[in-house]
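Mapped onto our numbering, the consecutive letters of the sequence shown carry residue numbers 1123 to 1230. Heads up, the beta-carbon is just placed ideally off N, CA and C, and yes, glycines get one too. Okay, so here's the structure we're looking at.
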Amino acid sequence: MIFKKKEEFLVAKVAHVAQIKHLHDLKEEIFNLEAKLAELRSQVLLAEQMEKNLAEQRNKLHADMKAGLKSVSKIKHQLPSFIASADEAAEELKNMREEWNSWQSNFC
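In structure tokens:
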């Protein structure tokens, strides 16, 4: 009878040790999962920051493009007057050249 009680005690002790080992394994697994969760949270924060930066860059690019289109539109409207001024300058240069040639031929 003593042997049976000792055997039951040893079985209970082995079961208890197995439970402790299982709890230790679970504790270690929880620790690893918490570390992974912290890493994932860090990655989420990084992704959110990158998303914010991209949105800011997109908005700046959009504003730059809008300003560029305004500049192009302004230049487009001014282009006819620039061309007219260039044509007038070319005509004036042509007249000056003719006058110079005439003066040279009269002088020589």
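Close Cβ partners of residue i (< 7 Å) along its chain, the five nearest in sequence each way excluded
i       : result
Ile1142 : none
Met1218 : none
Practice task
Enumerate, from N- to C-terminal direction, the unbroken alpha helix (DSSP H) stretches of 4 or more residues contained entirely within the stretch 1134-1191.
Solution key: Here no run is fully enclosed.
Problem - Uninterrupted beta strand (DSSP E) stretches inside the stretch 1186-1226 (no shorter than 3 residues) - result: DSSP runs (the beta strand (DSSP E)) wholly in the stretch 1186-1226: none.
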